[in-house]
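Trainee: Below you will find the structure I want to go over with you.
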Amino acid sequence: MPAVSTSATGADAAASGPGAAPLPVPALPEVPSGMEAEAALLTALSEAPTVSKTVVRSAPGGGVTLTVTMQQRNLPANAQRRYNITASVLPPAEAGAGAGAGKAEGPLMALVGLPQELHADVQLVSVSPSGSQQQQLVFLKAPSDATSALLQLWRGGRMALELAVPKALHGPLVNDGYFASGAAWAADESAVAYTAELPAPERTPAWGGPDALKDAAGPRSWRGVGAAAEDWGELNTGKRPPAAFVLDLNRREVVKVPGLPEEHSVGQPTWCPPRAPSSSTTTATLTTATGGGAPTTAAAATTATSTGGGPSGLLLVAWPHAAPPSFPRLAAGASPRKLGVVFCYNRSAHLYHVSVTRGADGALQFGASATRLCPELESCLSPTCTPGGEAVVFVSQQEAVATGTHGATGRLYRLGWTAEGPASSPPKLLLDVVQKPGSPTAFPGLYTAGVPDDGFVGPSTLLLNTQWGSVTAIAALDTSAPGPAGPVPLTPVDASAPGAASWSLLGTAPGLAVAARAAPDGPTSLYVARLPDDVASLTAPGASLDWQPLELGCPGLVAAGAAGAEAGVRGELPAAARELLEGIEYKVIRVKPRVGDTSVGAFDCLAWMPKQRSGPLPAVVTPHGGPHTAVTLGWYPPYAYLAGLGHVVLSPNYRGSTGYGQAALASLPGNIGSADVDDCVASVEAAVAEGLVDASRVAVVGGSHGGFLTAHLLGQHPDKFRSGVMRNPVTNISAMIAASDIPDWCFVEVLGSEEGRRRCSPVPTPDDLAAMYGASPVRHVDRVNAPVFMMLGAKDRRVPPPDGLQYMTALRGRDVAAHGPPPPTRMIVFPEDAHGLDKPQTEYEQWLNVVWWLKQHAGPKAAH
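The numbering of the sequence shown is full-length UniProt numbering, which starts it at 1 and goes up by one.
Structure below.
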């Protein structure tokens, strides 16, 4: 009989009668059960910290100071714990002395103090770039209902300024990595630009009583909801549009940047290069927005006057509150549709310039109107000035805008800049779209969200991060080159080589670059490399850097490259986690496509697996979402967890993934549910052929488009898969389109780029809906025989929960006489999660449940 517990409460005794023994209360069953060992192992892995951000600044007297912000899951609080580690890298002369004293050669690093946890109210810490004044700006959450943020300036070992920003000026800070990443300091560090939500434009009257009555008795008042305002969809529910603001440190005030067009969200502020004192006139073809009017393009004469030394203008990115022109039926009308922006690089993003000077009274003076730069481009992101101020470099996702796919191959442009402002000539193309790379290690095109903050290491030498096949690489580019040319990788790009990993530039200082290395068998590690005196040589073919690991957890002086330094943060993990990671390995399998456009070449399937294998093992296929994203060789704790428990984890970068050229990516729209499905099956068969996988014990786990593929694989190939787990899956596109924040995705991915953009409209036709249903996995639901586990986020606006609920209802309630009894099913709905299901407790519960489900239906070994 089940275990029971007893209670001696008064209610129990009364129910039983005077003197009667309390009734036994059956204990609730705990599900999943028998998972103590697996839970302990997952807890240990969850404690692995990751590098979130690194600030690299030259230290007084030489050397470099690193401030590394780490992030670690705080499971009891269901939050991410953030803390800073500060370290010093000695200058070459002192480092050489240390090496001569018996240590390994390389830069020497010393920890300065202990890790310092960041308070949960801290939203952003921005350090002044020069390091000369050792000052930083801290943005904190609102301390009261009347304010939206608290700004603190720390300088000289004390807090020098604190300002409370009222809600009437702006709303919460925006630092989401899309509209903004950090804050921007003017060259003289007298002003800081940042991004925050606009205040609400109106409110209802106070009803029920006088709202002004504060100190006397009276009826309580209340305000209504007011008019609805369209937001930016997933992860932006209820948020107001972002705008740019400037904190004037000289006058201790915050002002909104004026002159931008109405019905635009504004972010990514960057100060223009400083101007020398001058007053001149230039003529250029520009687009100007005056007041609230629509921007117009004309030959504009611009007079620029500068006193020199102070702020010289701002570059800003503005997103129109409308669908891009490539979707004419969504963009037309007096109130066009605002589509979701998270992970959607096919949205219009325009580059604007606002002149900024200081008046005689010292106040900041902004130009009357903003000037749109490069109006021929519908996408301009991440503007960054060259060190000498002669140009602005930016990323363009023009290909994504033109084709309608949410991800595509990017471009990099260089816009000339003069003492008077932007040059009259059009921007120069530095990196163009690559259709088909010549080999698996050839440059496949640019796949990056933006230019790194400290990416320039010389007058025209730029270091940037880009996906390169199945890895992320650091590459060098000469921005003064006369025409487009491929960048030079400074980290390995052969994903099939032993020890292959992904690299990301974290920051630079004179003579030094700091990077993060992430691999499937361990947490992120910090690395450093000395830059050559001739940094331009980094752009020559065959150039390389000598990356040396730095150990953050070791006190005292540590030589980069010293024994044990390569462990990174792995040495700080619990023993169970270290043992698991030491027992897994990984490889990349090249797979040839078999259906559709096979001319685009082979694709990669990444595989995690135990080192000790006596034969083929059970496998878990984990197709990624998007579909125009990818899985790179990096640190994915759930995949390491599954591999450590005895599975082979297969992550196919099926055709349509980023990182392999535009032709491969563009081959998928119009073919979802067929080409991507067969690529997943081909990946399994390739792993079986290599002797890694037992074909009779294969499961599939996927989220979003990966959930779409999971459902398709279970329905189209019911005899190949033992079980399936779907996380916020796309199951019925004809139903999803009515509620999703990305209806454009439904049209383009089902009908293809050209036809989908042409037919995309607020209300799909019956033919549109029929095509969407035909591409959906729900049409195969009656063929599913494998057990199905579904997990949904109640606040998901990308693939709203009714989509998954409908599929589960159809599966559980299918016609038994015609299709047989339904398989075992289970479903969890996380009430506070959105599409990513990424809250720490949610992440923990879902993967523990995945392992529990697989133990029952796919045969992994038990944890010990």
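Glycine included, every Cβ here is placed at the ideal spot set by N, Cα and C.
With distance defined between alpha-carbon atoms, name the residue in Pro241, Ser126, Arg812 and Ala735 nearest to Leu247.
Mentor: Locating residue 247 in the sequence shown gives position 247, where the first residue counts as 1. Of Pro241, Ser126, Arg812 and Ala735, the residue nearest in Cα terms is Ser126.
Trainee: Just to confirm the assignment: which complete beta strand (DSSP E) runs, minimum length 3, are found wholly within the stretch 583 to 635?
Mentor: 584 to 591, 603 to 610 and 617 to 621
Trainee: Could you tell me whether the stretch 645 to 655 touches the stretch 729 to 744, where touching means 3 or more Cβ pairs closer than 8 Å?
Mentor: no
Trainee: If I follow the unbroken beta strand (DSSP E) through Ala529, where does it start and stop?
Mentor: The residue given as residue 529 occupies position 529 in the sequence shown. Its beta strand (DSSP E) spans residues Gly522 to Arg530.
Trainee: Would DSSP call Lys141 helix, strand or coil?
Mentor: The residue you call residue 141 lines up with position 141 of the sequence shown. Note: Lys141 maps to strand in three-state DSSP.
Trainee: Where do the N-terminal and C-terminal ends of the alpha helix (DSSP H) with Pro638 fall, by residue?
Mentor: Here the question's residue 638 lines up with position 638 in the sequence shown. Where Pro638 is concerned, the enclosing alpha helix (DSSP H) stretches over Pro637 to Gly644.
Trainee: What are the boundary residues of the beta strand (DSSP E) that includes Tyr83?
Mentor: Position 83 of the sequence shown, counted from the first residue, corresponds to residue 83. Note, Tyr83: beta strand (DSSP E), Ala79 to Val89.
Trainee: Sorted by chain position, which residues of the same chain lie with C-beta nearer than 8 Å to Leu249's C-beta, five sequence neighbours on each side aside?
Mentor: Within the sequence shown, residue 249 is the residue found at index 249, counting from 1. Result list for Leu249: Leu153, Leu161, Glu189, Ser190, Ala191 and Val192, in chain order.
Trainee: From this set, Pro24, Thr204 and Ala331, which residue's C-alpha is nearest Ala227's C-alpha?
Mentor: Within the sequence shown, residue 227 is the residue found at index 227, counting from 1. The candidate whose alpha carbon is nearest that of Ala227 is Thr204.
Trainee: Counting Cβ pairs, one atom from each stretch, are 3 or more of them under 8 Å apart for the stretch 627 to 638 and the stretch 533 to 549?
Mentor: No: fewer than three Cβ pairs fall under 8 Å.
Trainee: State the DSSP-derived secondary structure class of Gln123, mapped to helix, strand or coil.
Mentor: Position 123 of the sequence shown, counted from the first residue, corresponds to residue 123. Three-state result, Gln123: strand.
Trainee: Within a Cβ cutoff of 7 Å, which residues of the same chain sit near Ser460, ignoring the five residues on either side of it in sequence?
Mentor: Against the sequence shown, residue 460 aligns to sequence position 460. Excluding positions up to five away in sequence, the list reads Thr386, Asp478, Thr479 and Ser480.
Trainee: Thinking C-alpha only, which one of Val122, Ala39 and Gly63 is nearest Gln80?
Mentor: Mapped onto the sequence shown, residue 80 falls at position 80. Checked all of Val122, Ala39 and Gly63; the closest Cα to Gln80 is Val122.
Trainee: Mind checking Thr809: buried by the 16 CB within 10 Å criterion, or exposed?
Mentor: One-based indexing of the sequence shown puts residue 809 at position 809. Thr809 comes out exposed.
Trainee: Leaving out the 5 sequence neighbours to the left and right, which residues in its chain are closer than 6 Å to Trp847 when beta-carbon positions are compared?
Mentor: As a working mapping, residue 847 is identified with position 847 in the sequence shown. Contacts found: Pro638.
Trainee: Using DSSP's beta-bridge definition, name the partner residues of Lys53.
Mentor: Translated into positions along the sequence shown, residue 53 becomes position 53. Lys53 is bridged to Thr69.
Trainee: Return the chain-ordered list of same chain residues with a C-beta closer than 7 Å to the C-beta of Arg414, the five sequence neighbours on each side being excluded.
Mentor: Mapped onto the sequence shown, residue 414 falls at position 414. Cβ neighbours of Arg414 beyond the five flanking positions: Ala391, Val393, Pro427, Lys428, Leu430 and Thr479.
Trainee: Report the CB separation of Pro269 from Leu314 in whole angstroms; it is logged as a contact under 8 Å.
Mentor: As a first step, residue 269 is located in the sequence shown; it is residue number 269 there, counting from the start. As a first step, residue 314 is located in the sequence shown; it is residue number 314 there, counting from the start. Contact holds; Cβ gap of about 6 Å.
Trainee: Can you pull the DSSP bridge partners for Trp271?
Mentor: Reading the sequence shown from its first residue, position 271 is the one you call residue 271. In DSSP, Trp271 forms a bridge with Leu314.
Trainee: Is DSSP giving Arg783 helix, strand or coil here?
Mentor: In the sequence shown, the residue the question calls residue 783 occupies position 783. Helix, per DSSP.
Trainee: Taking 6 Å as the limit between beta carbons, can you name the residues of its chain near Ser221, skipping five residues before and five after?
Mentor: Reading the sequence shown from its first residue, position 221 is the one you call residue 221. Here the set comprises Ala206, Gly208, Gly209 and Asp211.
Trainee: Can you grab the Cα-Cα spacing for the pair Lys720 / Leu377, in whole Å?
Mentor: Position 720 of the sequence shown, counted from the first residue, corresponds to residue 720. Position 377 of the sequence shown, counted from the first residue, corresponds to residue 377. The straight-line gap from Cα to Cα measures roughly 47 Å.
Trainee: Select from Thr54, Ala675, Gln397 and Gly362 the residue whose C-alpha is nearest the C-alpha of Pro129.
Mentor: Taking the sequence shown and counting its residues from 1, one reaches residue 129 at position 129. Nearest option by C-alpha distance: Thr54.
Trainee: For Ser148, name the three-state secondary structure that DSSP assigns.
Mentor: In the sequence shown, counting from the first residue as 1, residue 148 sits at position 148. Strand, per DSSP.
Trainee: Write down the C-beta distance between Leu137 and Ala180 rounded to the nearest angstrom, noting that I regard them as a contact closer than 8 Å.
Mentor: Walking along the sequence shown from the start, residue 137 turns up at place 137. Walking along the sequence shown from the start, residue 180 turns up at place 180. Going by Cβ atoms, the distance from Leu137 to Ala180 rounds to 14 Å, so no, they are not a contact pair.
Trainee: Starting from Trp468, follow the beta strand (DSSP E) in both directions and report where the run begins and ends.
Mentor: Along the sequence shown, read from residue 1 onward, the residue named residue 468 stands at position 468. Looking at the DSSP string, the run of the beta strand (DSSP E) that includes Trp468 is Thr461 to Trp468.
Trainee: Can you name, in chain order, every residue of its own chain whose Cβ lies under 6 Å from the Cβ of Ser761, other than the five neighbours on each side?
Mentor: One-based indexing of the sequence shown puts residue 761 at position 761. So the list reads Arg329, once near-sequence residues are dropped.
Trainee: Can you list, in chain order, the residues of its chain with a C-beta nearer than 8 Å to that of Val488? Leave out the 5 residues immediately preceding and following it.
Mentor: Within the sequence shown, residue 488 is the residue found at index 488, counting from 1. The answer, listed in chain order, is Ala475, Ala476, Leu477, Leu538, Thr539, Ala540, Pro541, Gly542 and Ala543.
Trainee: Report yes if the C-beta distance between Asn849 and Pro29 is below 9 Å; otherwise report no.
Mentor: By 1-based counting over the sequence shown, the position of residue 849 is 849. By 1-based counting over the sequence shown, the position of residue 29 is 29. Taking 9 Å as the Cβ cut-off, Asn849 and Pro29 do not qualify as a contacting pair.
Trainee: Note down, in chain order, each residue of its chain lying with its Cβ closer than 7 Å to the Cβ of Thr632, except the 5 sequence neighbours on either side.
Mentor: Here the question's residue 632 lines up with position 632 in the sequence shown. Closer than 7 Å at the Cβ level, and outside the excluded window around Thr632, lie Gln467, Ser470, Val471, Thr472 and Ser502.
Trainee: Does the beta-carbon distance from His835 to Gly793 come in below 9 Å?
Mentor: If you number the sequence shown from 1, residue 835 lands on position 835. If you number the sequence shown from 1, residue 793 lands on position 793. Result yes, Cβ atoms of His835 and Gly793 sit closer than 9 Å.
Trainee: Ends of the alpha helix (DSSP H) at Lys855?
Mentor: The residue given as residue 855 occupies position 855 in the sequence shown. Unbroken alpha helix (DSSP H) run through Lys855: Pro840 to His857.
Trainee: Under the assumption that Pro823 contacts Pro787 (Cβ atoms under 8 Å), give the Cβ distance between them as a whole number of angstroms.
Mentor: Position 823 of the sequence shown, counted from the start, is the residue given in the question as residue 823. Position 787 of the sequence shown, counted from the start, is the residue given in the question as residue 787. Indeed, because the Cβ distance is near 5 Å, the residues count as touching under 8 Å.
Trainee: Just to confirm the assignment, what range does the beta strand (DSSP E) spanning Leu751 have?
Mentor: Position 751 of the sequence shown, counting from 1, holds the residue named residue 751. According to the DSSP assignment, Leu751 belongs to no beta strand (DSSP E) but to the alpha helix (DSSP H) extending over Pro743 to Leu751.
Trainee: What separation, rounded to the nearest whole angstrom, lies between the Cα atoms of Leu41 and Leu581?
Mentor: Start at 1 with the first residue of the sequence shown, and residue 41 comes out as number 41. Start at 1 with the first residue of the sequence shown, and residue 581 comes out as number 581. One C-alpha to the other measures close to 11 Å.
Trainee: Along the beta strand (DSSP E) that carries Ile828, what are the first and last residues, could you check?
Mentor: Within the sequence shown, numbered from 1, the residue matching residue 828 stands at position 828. For Ile828, the uninterrupted beta strand (DSSP E) segment begins and ends at Thr825 to Phe830.
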